[in-house]
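>
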Amino acid sequence: MTSEELLALLTPRLSSIPGVLAVTLGGSRAHGTDRPDSDWDFGLYYRDWIDPADVRALGYPGTVVAPGDWTYPMNGGAWLTVDGHKVDLLYRDIADVERWIAQAEEGRWQLFRMPGYLCGMASYMLVGELALGRVLSGVLPRPAFPPRLAEEGPAVWRGEASFALLHARAHARRDDVAACIGKLAFASVAEPHARLLARRMWALNDKGVVTRAGLAEVEAMLLDGGSLPTLTEQVETALGLN
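If you use my numbering, the sequence shown corresponds to residues -12 to 229, in order.
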């Protein structure tokens, strides 16, 4: 089954799920950066509720959960296999998304600890999904990058990075290898998120953010290792946070 055939098959089926207002295509498939083995990420935008039984009724093998079963703000969804393709469905409560759009326009956002995200998932990522995704059916807001978010938002990330480095220094003194490296990695991802936000560039996850922010040398430092105090100082200097 070709990509076009998969979209032609799934778009009307996903759109027909009771409660679904709109369907989007996100991730690398929407951005044109996909590889042959890339997953398919579909957003199911609903208001009030979507019944997982209706998603299971599509008849594809996999795991289906109810809204709220995954850590907020990821919400819930499904991991399915469709004709050999890995298909991820992500539930998106439109009222919740609209709330975060309004927050982002005021330059405000929140960071939520989330499995799969080293530093956490930013609430504005729900806004970025709409800005970057491809709407397959229905009508959705298409927000531009909020200027106030670029001006005021990076401070949150830099606070997270600075606090991580503070702990990295303490771990380095005690020779706590895993904890020190972990905090350095955290800071090395948080600062790129800050820089990309300041440049009005959406970053919806941690993939490639260090390189996109022009900080690839930091990853080289983490790979090369060295004494923990020296490595910590080098990373701090490279990130511009010492």
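Heads up, the beta-carbon is just placed ideally off N, CA and C, and yes, glycines get one too.
This one's a predicted model, so the numbers in the text were calculated from it and none came from an experiment.
Using DSSP's beta-bridge definition, name the partner residues of Thr68.
In DSSP, Thr68 forms a bridge with Lys73.
> Do the CB positions of Ala118 and Trp57 come within less than 7 angstroms of each other?
Cβ distance not < 7 angstroms, so Ala118 and Trp57 don't count as in contact.
> Determine the burial state of Val74: buried for a count of at least 16 other Cβ atoms within 10 Å of its Cβ, exposed for fewer.
Classification for Val74: buried.
> Assign Val126 to one of two classes, buried (16 or more other C-beta atoms within 10 Å of its C-beta) or exposed (fewer than that).
Exposed: under 16 other Cβ atoms inside 10 Å.
> Contact between the region 45 to 54 and the region 65 to 80 is defined here as three or more beta-carbon pairs at a separation below 8 angstroms; is this criterion met?
Because the criterion of three Cβ pairs below 8 angstroms is met, the region 45 to 54 and the region 65 to 80 touch.
> Would you kindly work out how many angstroms separate the C-alpha atoms of Pro179 and Tyr32, rounded to a whole number?
Distance between the alpha carbons of Pro179 and Tyr32: 29 angstroms.
> Evaluate Leu158 with the Cβ neighbour count: other Cβ atoms within 10 Å of its Cβ, from every protein chain shown; 16 or more gives buried, anything less gives exposed.
Before going on, a small fix: residue 158 reads as His here, not Leu. Buried.
> Thinking C-alpha only, which one of Met(-12), Gly6, Leu12 and Asp83 is nearest Thr(-2)?
Minimum Cα distance to Thr(-2) is reached at Leu12.
> In the DSSP assignment, find the alpha helix (DSSP H) that holds Thr20 and state where it starts and stops.
First-last for Thr20: undefined, no H or E at that position.
> Along the chain, where does the alpha helix (DSSP H) containing Trp87 start, and where does it finish?
First-last of the alpha helix (DSSP H) with Trp87: Ile81 to Glu92.
> For Cys106 versus Ala177, is the C-beta spacing smaller than 7 angstroms?
Cβ distance < 7 angstroms, so Cys106 and Ala177 count as in contact.
> So for Arg121, helix, strand or coil by DSSP?
Strand, per DSSP.
> Note the first and the last residue of the continuous alpha helix (DSSP H) segment covering Trp144.
Pro141 to Arg160 is the extent of the alpha helix (DSSP H) around Trp144.
> So is Trp27 buried or exposed if we call it buried at 16+ other beta carbons inside 10 Å?
Classification of Trp27: buried, given that the 10 Å Cβ count is 16 or more.
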